[in-house]
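Residue numbers (the numbering used here): 1 to 51. Structure, as structure tokens:
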Amino acid sequence: MKALKILIGASAAFFALTAAIYWFNLDTKAVKLIEKPMMKHYDSMPRDSRL
């Protein structure tokens, strides 16, 4: 019974976390934070051929 309560609590916490991420659009905001450094890194890489 104790394991079932732990499983239900963990499931509820996971649902609340994913709902908050969706509600506040945090995934897109996180991607925007790392986009500039990643673009700077990939733009500075040497190219084998031109597009």
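Glycine included, C-beta positions come from ideal geometry on N, C-alpha and C.
First and last residue of the uninterrupted alpha helix (DSSP H) at residue i
i: H15; result: In the sequence as displayed, the identity of residue 15 is Phe instead of His. That run of the alpha helix (DSSP H) goes 2-23.
i: M45; result: M45 -> no alpha helix (DSSP H), and no H or E assigned at all.
Supposed close pair residue i, residue j - CB separation, criterion 8 Å
i: D27; j: I34; result: Going by Cβ atoms, the distance from D27 to I34 rounds to 12 Å, so no, they are not a contact pair.
Straight-line gap, residue i to residue j (C-alpha atoms, nearest Å)
i: P37; j: L4; result: 44 Å
i: F24; j: A10; result: 21 Å
i: A16; j: I6; result: 15 Å
i: D48; j: K32; result: 28 Å
i: D43; j: R50; result: 13 Å
i: F14; j: I8; result: 10 Å
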